[in-house]
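Have a look at the structure below before the remarks.
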Amino acid sequence: MRYLPLTEGDRAEMLAAIGVDGMGALFKDIPESARLTGLLDLPMHSGEIEVERALGAMAAKNLTAGDAPSFLGAGAYRHHVPAAVDALIQRGEFLTAYTPYQPEISQGTLQSLFEFQTQAAMITGLDVANASMYDGATACAEAVYMASRITRRHRVVLSGALHPHYREVVATATRFLPQEIIAAPTFPGQEEDLAAMIDNQCACVVVQYPDFFGELRDLTALADACHDAGALLIVAVTEVVALGLVRSPGEMGADIVAAEGKSLGNALNFGGPYLGLFACRDRHVRQMPGRLIGETTDVDGNRGWVLTLATREQHIRREKATSNICTNSGLCALAFSIHLSLLGEDGFTRLARINHAKAVTLADRLAELDGVELVNNAFFNEFTLRLTRPAAPLVDELAADGILAGVPVSRLCPDDDSLADLLLVAVTETATDADMDALVDSMARAI
Amino acid sequence: MSDLKYTKDHEWVRVEGDAAIIGISDFAQEQLGDVVFVELPAIGKQFKQGDEAAVIESVKAASEVYAPVGGEVVEINLPLGDNPGLVNEAPTGEGWFLKIRISDTSELDALMDENAYQKFTQG
Amino acid sequence: MDHPARAPARHQGLQMEEGLIFEQSGDGRCGVDLTEPPELDDRLGGLARDGAIGLPGLSEPQVVRHYTRLSQKNYAIDSGLYPLGSCTMKHNPRLNEKLARLPGFADLHPMQPDSTVQGALELIDTLAHWLKTLTGMPAVDMSPAAGAHGELCGMMAIRSALEARGDARKRVLAPDSAHGTNPATAAACGYRVQSIPSNDRGRVDLDAFKAALDEDVAAFMLTNPNTCGLFEDEIIEQAQAVHDAGALFYCDGANFNAIAGIARPGDLGIDCMHINLHKTFSTPHGGGGPGSGPVVLSETLAPFAPLPWVVHGADGFSLVEHAAQAEEGAFPFGRMKGFHGQFGMFVRALAYMMSHGADGLRQASSDAVLAANYVLARLQDTLSLPYDGPCMHEVLFDDRFLDGSDITTLDYAKALIDAGYHPMTIYFPLVVHGALLVEPTESESKQSLDHFIDTLEDLGQRAKEGDADFFHQAPKHTPRRRLDETAAARQPVLRWGDRG
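Chains as they are written, first to last, in my numbering: chain U, 1 to 447; chain A, 1001 to 1123; chain H, 2001 to 2500.
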């Protein structure tokens, strides 16, 4: 077995040094009735060729997004990742290191995460960010917990245009806790009056920006309304590339931003692993969940970085911890950070402009088709179309022709018949003119 | 012999009139190591004896400070916000935490005096 | 701060000093060539950003050099034995990385129609089959993103099952040796946690456990093998007692790597267990994540598993993403995360399992346990052993061997760094004083183990000879020496800039 260095001779010598005559003596504490005497009914070991063949056959049964005109978004956006990103994150010193518990020999991970925290704080427009969380949806649930801790209130208002998975994850995470979830109804394209739902028991309002339907709205007035009532504004962002072009949530008054950072540095991966970004104001940092890296100096006076404020975390605080979270999304955060370093200010804003320009062009072309109506007034790289027929079967038809046309809203909201004709279409820099032509042509035929 | 009284959770109390000044013992600060953060209650807050009154954090530990006697918080040691190291430097002096107006002085009776506390920590 | 003023650190041989990216910026530089789009009227609704974000501009070679230099400041499994107990730092095969990057896996959108992702759904279903077979459990939920997330999933399933039968229990029992995630998870499910003491054998005190067990107890959370590296040999009796009391049994599977292929948790009477794919099945730790934490479930808990899951019908595989689509008798308690779980980690874990096979997985567990017992046997006279062996995949020492030396567990660990090793886990579990938890894993040759043991022995001797200064100064040969964690926590500087 190629991964196991011990030889039969080694094993015999080691057993002799231990002073036992076989492995049975070392497993004696496992109740005999539960000890397996033979092998389980699973395949035997395989060489690389066989494993590649087996998994390659599974991969070949899928329609790869890159092999089709692809316009899927709804919280996961297909972007081009520069080759340097993957080469760097596969360096063994990053890939095969653990959580940086010994800072003297983990400065690489620590410094890169400190840089990540800085980048995440910068693009969200907030003061500080943690070293990442599982994904955007779980970061959003953590933000709700945090708002309750800060305000000592338990009423949580969720926008109707918050991604349905985020709504479900928040509802699940608070299911057995005192939080009361008030979910606004979903009316795509219409402005919600969330301010009217805030009262003096409200811990926070959670909105998405751009929202689930791609719409961009100014959140300043909502932030003021939250703050007037002693509540916090949590802003979820599922497409961080938008932040290259639009005003940051922090600038509009958000107290916490919970974002999906997958768009930078990370592949689609059929939904995971992704990258939760979590940023907040300075004054709330001790209520923040997750791992934090801080700057300090060593005994020689040289600048260095350490894990800090660990007393918030489960391994010290146990049942009183801010969260039960133990891992972060370290390697995904590194990929994000490298991609954003490559882009820099100029590249990040240009990437955002490209996305927006393509989306504007495609939205206008599609809206010209008979039976297609653009729901949005303002959008970044994703918009919602109202069709004259249910969107889900149309998407299946086009998929059969090798076109991934978009995400039918009914896939995420199957219970609301009024949403059945809505299609979410996302356009990124990866879409070519030919891809867009193919979508417009096939939509024209299918409607 | 000091005028301090101690709890088994390593808080001390100094009675001044109807008020109790509260902090943590020298033994406790040494066990915790460098104190990095202290969270104090709001003035006016009411505590029963044994309620969680404050939180103290070192680099690698966090623990609660319990009210040795019940009452209302009348003053807190604001300088601890910027300089939590005072708890290490002068735990029974400038590193005090809060002042409570005592609601029932008989609650003091169960506390240890300096001698008893020394024996308790050595035992 | 009272550190002596010194000249700033400089390059030394292969060890390069490297500033922050923000300090290397040049306006207008960019490491990605992108064609400027045509000018058009934006549709941003007046929300276009005015000012700059402040991101640094670098070319590709600068970025590559920056991160390459940073990487060289890290210790990693690829560079040496990484005996971090309870973390399972085993070899990460590169085949797994290669396969996870096949476009047919990596370039799949989670909302593609099921008809276009049959191979991905087959992979999830296949991995689920391996996990159920290895654990002897009837069901598995694949969605949790990490071990602690899996714990949350399992405990929510327990609470959902109890509530469904109208049973409003309030307490969860967990041993004092438990990982901090256990009490934190129980609290996140609205439970109060009661700690059960360990006995002098490093295991749950059965009498104390039975005394605490009553009709108000919802669940018992037990890590097995436990955090002292010992198998809880009374587990069947504990499981019986838990069920007799009407409670459910959560097993923390963080240490499943000791028994995979040796014993099945399903035969021990548990109701659920999370599996850290990043420990037992070698998906890389990546400096702290991403992980993946599927949860196996008993018949009692399976109906409450959260969304989504994969089903196999006449038309092939499909995803159940909503309660209304679920088969009769399913009462999913909710959803743990966006989309369908850590799919990229599933690919890696399945590649690892298929490489090992039934025979190799059993051998890997066996070798891990053999290696730990070999360390125990050879070091029991130099270091101090709180509990007698045999141990499982990791061996726990305490700091009695340092008594009277003015050297702490931390000092000893830091000296190990100068000798070329990442230290073992220290000060955990909390049930012994100055804990040193060593997990060598099955990835080490005997030669490698011998060298590591010799090093620990030498340092142990040196400590006994009283050379405290040597230990207090360590480490000396690292990119940074001991860092001031107190200053970092008292005045937190959490980002670059002029804030501080």
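All C-beta atoms, glycine included, are put in the ideal place defined by N, C-alpha and C.
Can residue i and residue j be called in contact, C-beta distance under 8 Å?
{"i": "residue 316 of chain U", "j": "residue 1062 of chain A", "result": "yes"}
{"i": "residue 2213 of chain H", "j": "residue 115 of chain U", "result": "no"}
{"i": "residue 384 of chain U", "j": "residue 375 of chain U", "result": "yes"}
{"i": "residue 208 of chain U", "j": "residue 163 of chain U", "result": "yes"}
{"i": "residue 2040 of chain H", "j": "residue 378 of chain U", "result": "no"}
{"i": "residue 529 of chain U", "j": "residue 2490 of chain H", "result": "The displayed coordinates of chain U run from 1 to 447. Any statement about residue 529 of chain U would go beyond what the structure contains."}
{"i": "residue 294 of chain U", "j": "residue 2492 of chain H", "result": "yes"}
{"i": "residue 245 of chain U", "j": "residue 74 of chain U", "result": "no"}
{"i": "residue 2131 of chain H", "j": "residue 2140 of chain H", "result": "yes"}
{"i": "residue 2291 of chain H", "j": "residue 2274 of chain H", "result": "no"}
{"i": "residue 2244 of chain H", "j": "residue 2170 of chain H", "result": "no"}
{"i": "residue 2342 of chain H", "j": "residue 72 of chain U", "result": "no"}
{"i": "residue 186 of chain U", "j": "residue 2483 of chain H", "result": "no"}
{"i": "residue 1087 of chain A", "j": "residue 1057 of chain A", "result": "no"}
{"i": "residue 2357 of chain H", "j": "residue 2264 of chain H", "result": "no"}
{"i": "residue 450 of chain U", "j": "residue 2261 of chain H", "result": "Outside the displayed span of chain U (1 to 447) sits residue 450 of chain U, for which this structure offers no information."}
{"i": "residue 254 of chain U", "j": "residue 277 of chain U", "result": "no"}
For the candidate residues the options, whose alpha-carbon lies nearest to that of residue i?
{"i": "residue 95 of chain U", "options": "U/333, U/118, U/346", "result": "U/333"}
{"i": "residue 206 of chain U", "options": "U/399, U/402, U/145, U/152", "result": "U/145"}
{"i": "residue 198 of chain U", "options": "U/230, U/58, U/185, U/211", "result": "U/230"}
{"i": "residue 2117 of chain H", "options": "H/2428, H/2424, H/2282, H/2310", "result": "H/2310"}
{"i": "residue 2161 of chain H", "options": "H/2246, H/2143, H/2110, H/2120", "result": "H/2246"}
{"i": "residue 152 of chain U", "options": "U/178, U/266, U/414, U/51", "result": "U/178"}
{"i": "residue 1050 of chain A", "options": "A/1081, A/1110, A/1084", "result": "A/1110"}
{"i": "residue 339 of chain U", "options": "H/2067, H/2147, H/2036", "result": "H/2067"}
{"i": "residue 2072 of chain H", "options": "U/310, U/147, U/257, U/109", "result": "U/109"}
{"i": "residue 1016 of chain A", "options": "A/1118, A/1120, A/1122, A/1100", "result": "A/1100"}
{"i": "residue 165 of chain U", "options": "H/2076, H/2228, H/2496, H/2337", "result": "H/2337"}
{"i": "residue 2142 of chain H", "options": "H/2296, H/2281, H/2396, H/2015", "result": "H/2296"}
{"i": "residue 380 of chain U", "options": "U/255, U/60, U/214, U/11", "result": "U/214"}
{"i": "residue 2430 of chain H", "options": "H/2398, H/2168, H/2417", "result": "H/2398"}
{"i": "residue 39 of chain U", "options": "H/2086, H/2383, H/2360, H/2455", "result": "H/2360"}
{"i": "residue 189 of chain U", "options": "U/427, U/445, U/422", "result": "U/422"}
Assuming residue i and residue j form a contact by the criterion Cβ under 8 Å, report the distance between their Cβ atoms to the nearest whole angstrom.
{"i": "residue 1024 of chain A", "j": "residue 1076 of chain A", "result": "Rounded, the Cβ-Cβ distance is 14 Å, inconsistent with contact."}
{"i": "residue 268 of chain U", "j": "residue 2108 of chain H", "result": "6 Å"}
{"i": "residue 323 of chain U", "j": "residue 273 of chain U", "result": "With a Cβ gap of about 18 Å, residue 323 of chain U and residue 273 of chain U do not count as contacting."}
{"i": "residue 329 of chain U", "j": "residue 275 of chain U", "result": "5 Å"}
{"i": "residue 2242 of chain H", "j": "residue 343 of chain U", "result": "About 54 Å separates the two Cβ atoms, so there is no contact after all."}
{"i": "residue 2009 of chain H", "j": "residue 2018 of chain H", "result": "No, residue 2009 of chain H and residue 2018 of chain H are not in contact; Cβ-Cβ is about 10 Å, not under 8 Å."}
{"i": "residue 2502 of chain H", "j": "residue 172 of chain U", "result": "With chain H covering 2001 to 2500 only, the question about residue 2502 of chain H has no answer from this structure."}
{"i": "residue 1064 of chain A", "j": "residue 1055 of chain A", "result": "6 Å"}
{"i": "residue 69 of chain U", "j": "residue 435 of chain U", "result": "4 Å"}
{"i": "residue 2089 of chain H", "j": "residue 98 of chain U", "result": "6 Å"}
{"i": "residue 2028 of chain H", "j": "residue 127 of chain U", "result": "With 8 Å as the limit, residue 2028 of chain H and residue 127 of chain U do not qualify as a contact, their Cβ atoms being about 28 Å apart."}
- Query: For the region 2066–2127 of chain H, which segments carrying the alpha helix (DSSP H) assignment without a break, of at least 4 residues, lie completely within its bounds, in sequence order?
  - Reply: 2094–2100, 2103–2106
- Message: Under 9 Å, CB to CB, which of the residues in the region 312–334 of chain U have a partner in chain A?
- Response: For the region 312–334 of chain U, which is checked against every Cβ of chain A, the residues closer than 9 Å are 312, 316, 317, 320.
- Message: So if I threshold CB-CB distances at 7 Å, which residues from the region 2159–2185 of chain H count as touching chain U?
- Response: 2159, 2180, 2181, 2183, 2184, 2185
- For the region 1090–1123 of chain A, which residues have a CB atom closer than 8 Å to at least one CB atom of chain U, in sequence order? none
- Task: Tell me the start and end of each unbroken alpha helix (DSSP H) in the region 80–136 of chain U that is at least 4 residues and wholly inside, in chain order.
- Result: 83–89, 92–95, 107–124
- Query: Along the region 1024–1043 of chain A, what residues have a CB closer than 9 Å to any CB found in chain H?
  - Reply: 1033, 1034, 1035, 1036, 1037
- Length-filtered (4 minimum) alpha helix (DSSP H) runs lying within the region 211–267 of chain U: 220–228
- Message: Under 7 Å, CB to CB, which of the residues in the region 1058–1084 of chain A have a partner in chain H?
- Response: 1059, 1084
- Hey, which unbroken runs of the beta strand (DSSP E) at 3 residues or more fall wholly within the region 2388–2452 of chain H? 2395–2397, 2436–2438
- Query: Going along the chain, which residues of the region 2463–2490 of chain H sit with their C-beta nearer than 7 Å to a C-beta in chain A?
  - Reply: From the region 2463–2490 of chain H, only 2485, 2486, 2489, 2490 have a Cβ closer than 7 Å to chain A.
- When you check each C-beta in the region 355–375 of chain U against every C-beta of chain A, which residues fall closer than 9 Å? Those residues of the region 355–375 of chain U that come within reach of chain A (Cβ to Cβ, closer than 9 Å) do not exist; the list is empty.
- Item | Contact residues within the region 254–267 of chain U, judged by C-beta distance below 8 Å to chain H | 260, 267
- In the region 1024–1061 of chain A, which residue ranges form an unbroken beta strand (DSSP E) of at least 3 residues, counting only runs that do not cross its ends? 1035–1039, 1052–1058
- Query: Taking a cut of 8 Å between CB atoms, which residues from the region 162–177 of chain U lie near chain H?
  - Reply: Residues are counted here when their Cβ sits less than 8 Å from a Cβ of chain H; for the region 162–177 of chain U these are 163, 165, 166, 168, 169, 171, 172, 173, 175, 176, 177, given in chain order.
- Which residues, in chain order, does the region 343–354 of chain U contribute to contact with chain H at a C-beta distance below 7 Å? 343, 344, 345, 346, 347, 348, 350, 351, 353, 354
- Where in the region 2217–2253 of chain H do unbroken runs of the alpha helix (DSSP H), each at least 4 residues long, occur, reported from the N-terminal end onward? 2235–2244
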